[in-house]
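In UniProt numbering, the protein residues as written are 1 to 55.
No residue lacks a Cβ here, since even glycine has one placed at the ideal position from N, Cα and C.
Structure record follows, encoded as structure tokens.
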Amino acid sequence: MLAGPAVIGWLTHLVALNEAFVLLTLLCVTTAVGARVLRTGSGSTRRREMAADTH
């Protein structure tokens, strides 16, 4: 969050300001979508796995 202004400033040397905002927004959305892939299973799945291990 604190690096945002520095990154936008750096990007404006390469592209226009509006494009820099769009690029960073797309990067944030891509990161949020990618984080879902790394999410572990739901709590109910863990409970079932733990129950199977104890028997």
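Remark: C-beta atoms of residue 11 and residue 24 approach each other more closely than 9 Å. The beta carbon of residue 4 lies closer than 8 Å to those of 24 in the same chain, with the five residues before and after it left out.
Nearest in C-alpha terms to residue 21, of all of 39, 32, 35 and 6, is 6. Look at residue 36 here: in three-state DSSP terms it is helix.
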